[in-house]
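Q: Taken in sequence, the protein lines are chains Y, V and W. Each step along the first sequence adds one to the number in the numbering used here, with nothing skipped, and position 39 is 71. Each step along the second sequence adds one to the number in the numbering used here, with nothing skipped, and position 131 is 1582. Each step along the third sequence adds one to the number in the numbering used here, with nothing skipped, and position 52 is 101. Got a structure for you, written out below as structure tokens; questions coming shortly.
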Amino acid sequence: MGMLHTVNKSPYQCNTLESCLNHVGEGDVVLLIEDGVYAAMKGGRAADVLSAVQGVKVCVLSADVKARGLEGKLIDGVEVVDYAGFVDLVTETDKTQAWL
Amino acid sequence: MSDVKKFLYVNRKAPHGTIYALESLEVVLIGAAFEQDVALAFLDDGVYQLVKGWDTSELGVKNFQPAYTALGDYDIQKVYVERESLEERGLSEDDLIEMTYEDEDDDWAEKSSIRIVSREEMAQIMRDSDVILSF
Amino acid sequence: MCKNKNKDLRSTWIWQGIKPVKLGICVLEGPYQHEASDTAYNFAVAALEKGHEIFRVFFYHDGVNNATRLMVPPQDDRHIQKRWSELAEQHNLDLVVCVAAAQRRGILDEEEMKRHGKDANNIAPGFRISGLGQLIEAEIQCDRVVFFGD
Chain Y
33 MGMLHTVNKS PYQCNTLESC LNHVGEGDVV LLIEDGVYAA MKGGRAADVL SAVQGVKVCV
93 LSADVKARGL EGKLIDGVEV VDYAGFVDLV TETDKTQAWL
Chain V
1452 MSDVKKFLYV NRKAPHGTIY ALESLEVVLI GAAFEQDVAL AFLDDGVYQL VKGWDTSELG
1512 VKNFQPAYTA LGDYDIQKVY VERESLEERG LSEDDLIEMT YEDEDDDWAE KSSIRIVSRE
1572 EMAQIMRDSD VILSF
Chain W
50 MCKNKNKDLR STWIWQGIKP VKLGICVLEG PYQHEASDTA YNFAVAALEK GHEIFRVFFY
110 HDGVNNATRL MVPPQDDRHI QKRWSELAEQ HNLDLVVCVA AAQRRGILDE EEMKRHGKDA
170 NNIAPGFRIS GLGQLIEAEI QCDRVVFFGD
């Protein structure tokens, strides 16, 4: 079991996502929450970075995607999870690191 | 599972701009009493917490930098600082405060707690810890 | 009653071979200012619905402001404090506010009010003020602790 990493900042505001991706390992999960979900929007510069990540599952929190009008505008390959899915990710991985 | 967990405090924020650095340090100080296996990680802007020479008098807030140097007295011996984070910011180990502890297994010799590690090593340190407290 | 419901869920899970875990939650940001309190609350609700145990919710930094019963949000907005208090009552949650962080920001219970000679207190039902050791204890006792902050 890998680690769960949560990222809650827009990649266009600061380097949190970049730093997180620099520390992930095979089998880890990155969950984008709050403003972090903007990274998964199609056409953005950060989306290219996300698409290139290998061996790591990328998820986005549905409530934050919907609230920001991003539904249907996400890049392929990211999994949309609800809060229950968030809980599952926490329990299915070894530990959670919040990249605050 | 053993009673002792490997605690890793991850510090990624600069001091003063927000209270995260100060209140994280308070957790470390309190947590030291619980006899867990404690390590501190400083990366990204967190490395600014260890840059020496703070003068907070004009700002009018308490200078809490001495508390970092006192961590050795709380038996905190592992302070990991990420090399890439230092380099990106034009910093080197010489810019950092001294942090030391007395090594029980080596006739109480005074040793540096600061260990400069690569990004890859930092990732492994996170992976090897049991719990991560993120501030 | 809800506690029993929770217990039933938990036994269902065990029966299904899914192991409920003991979770801790740490909230580091103030309500309304930052989404962290909302994310943490929604996460807590989902975890309880799944039959997991929430060992403790620890409020630190500006997160302590979740605990003031004096907040009066507009009627058509969520009431963040009340929401926590009700969840605590339904599920017997341990909502702990860090004393040092609370004192800095003027969150007081009756005892702290008297000790510091203040004329009022503002802690909401279901919350209690205690030390940082409660966070460390949660890290030791819980299977997972999740941080929500800025």
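The beta-carbon is built from N, C-alpha and C at its ideal position, and this holds for glycine as well.
#1: Label Tyr44(Y) either buried or exposed according to how many other C-beta atoms from any shown protein chain fall within 10 Å of its C-beta, with 16 as the threshold for buried.
#2: Please check if any C-beta of chain V sits within less than 8 Å of the C-beta of Lys98(Y).
#3: Quick check on Asp1554(V): buried or exposed, where buried means 16 or more other Cβ atoms within 10 Å of its Cβ?
#4: Output yes if chain W places a C-beta closer than 8 Å to the C-beta of Ser1418(V); else output no.
#5: Using a Cβ-Cβ cut-off of less than 8 Å, list which residues of the stretch 77-96 of chain W approach chain Y; keep chain order.
#6: Could you list which residues in chain W have their beta carbon closer than 8 Å to that of Val81(Y), in chain order?
#7: Under 8 Å, Cβ to Cβ, is there at least one residue of chain Y near Asp1454(V)?
#8: Taking DSSP as the reference, what is the three-state secondary structure of Asn1462(V)?
#9: Taking DSSP as the reference, what is the three-state secondary structure of Arg106(W)?
#10: I'd like to know if Phe1458(V) contacts chain W, where contact means its C-beta is closer than 8 Å to some C-beta of that chain.
#11: Please identify, using Cβ separations under 9 Å, the residues of the stretch 165-199 of chain W that lie next to chain V, in order along the chain.
#12: As an exercise, report each continuous alpha helix (DSSP H) stretch of at least 4 residues that is fully enclosed by the stretch 1469-1505 of chain V, in chain order.
#13: Contact criterion: CB-CB distance below 8 Å. Does Arg1566(V) meet it with respect to chain W?
#14: Count the CB pairs spanning the stretch 130-149 of chain W and the stretch 100-109 of chain W that are closer than 8 Å, and state whether there are at least three.
#15: So, Glu1533(V) versus Val1498(V), is the Cβ gap smaller than 8 Å?
#16: If we ignore side chains and look at the alpha-carbon of each, how far apart do Lys1562(V) and Ala1483(V) end up?
#17: Would you verify that the beta carbon of Met50(W) is, or is not, closer than 8 Å to some beta carbon of chain Y?
#18: Considering Ile1576(V), what are the terminal residues of the beta strand (DSSP E) in which it resides?
#19: I need the DSSP call for Lys98(Y), collapsed to helix, strand or coil.
#20: Might you give, ordered along the chain, the residues of its own chain that have their beta carbon closer than 8 Å to the beta carbon of Ser51(Y), omitting 5 neighbours on each side?
#21: Going by DSSP, what residue range makes up the alpha helix (DSSP H) through Trp131(Y)?
#22: What residue from Lys89(Y), Asp126(Y), Lys127(Y), Gln129(Y) has the CA that sits closest to Val113(Y)'s CA?
#23: Listing by chain order, which chain V residues have their CB less than 8 Å from the CB of Met33(Y)?
#24: Tell me, which residues are paired with Arg1566(V) by DSSP?
#25: Quick check on DSSP: helix, strand or coil for Lys1457(V)?
#26: What residues from chain V crowd round Gly57(Y), counting only those whose CB sits closer than 7 Å?
A: According to the data block:
#1: Under this definition Tyr44(Y) is an exposed residue.
#2: Judged by the 8 Å Cβ criterion, Lys98(Y) is not in contact with chain V.
#3: With fewer than 16 other CB atoms across the displayed protein chains lying within 10 angstroms of its CB, Asp1554(V) is exposed.
#4: Residue 1418(V) lies beyond the range of chain V shown here (1452 to 1586); nothing can be said about it.
#5: Flagged, chain order: Leu77, Glu84, Ala85, Thr88, Asn91, Phe92, Val94, Ala95, Ala96.
#6: Contact note: Val81(Y) does not reach chain W at a C-beta cutoff of 8 Å; the least C-beta distance is about 22 Å.
#7: With 8 Å as the cut-off, Asp1454(V) does not count as an interface residue toward chain Y.
#8: The answer is strand: DSSP assigns Asn1462(V) an E or B state.
#9: The residue you asked about is not Arg; residue 106(W) is Val in the sequence shown. The three-state secondary structure of Val106(W), taken from DSSP, is strand.
#10: Chain W, which has a Cβ nearer than 8 Å to the Cβ of Phe1458(V), makes this yes.
#11: Listed by position, the residues of the stretch 165-199 of chain W near chain V (Cβ gap below 9 Å) are Gly180, Leu181, Gly182, Leu184, Ile185, Glu186, Glu188, Ile189, Cys191, Arg193, Val194, Phe196, Gly198, Asp199.
#12: The DSSP assignment places complete alpha helix (DSSP H) segments of no fewer than 4 residues inside the stretch 1469-1505 of chain V at 1471-1482, in order along the chain.
#13: No, Arg1566(V) lies away from the interface with chain W (no Cβ there is under 8 Å from its Cβ).
#14: Yes, they touch.
#15: Taking 8 Å as the Cβ cut-off, Glu1533(V) and Val1498(V) qualify as a contacting pair.
#16: Taking the straight line joining both Cα atoms gives about 19 Å.
#17: Its pLDDT being 39, under 50, Met50(W) is placed unreliably by the model, and nothing is read from it.
#18: Not the beta strand (DSSP E): Ile1576(V) falls in the alpha helix (DSSP H), residues 1570-1579.
#19: Three-state DSSP puts Lys98(Y) in a helix.
#20: The beta carbon of Ser51(Y) is closer than 8 Å to those of Trp131 in its chain, skipping five residues each way along the sequence.
#21: Here Trp131(Y) belongs to no alpha helix (DSSP H); instead the beta strand (DSSP E) covers 128-131.
#22: Cα-wise, what sits closest to Val113(Y) is Lys89(Y).
#23: Simply none; closest approach about 11 Å.
#24: Looking at the DSSP assignment, Arg1566(V) forms a beta bridge with Tyr1531(V).
#25: In this structure, DSSP gives Lys1457(V) an extended state, which the three-state scheme calls strand.
#26: Listed by position along chain V, the residues whose Cβ is nearer than 7 Å to that of Gly57(Y) are Ala1574, Arg1578.
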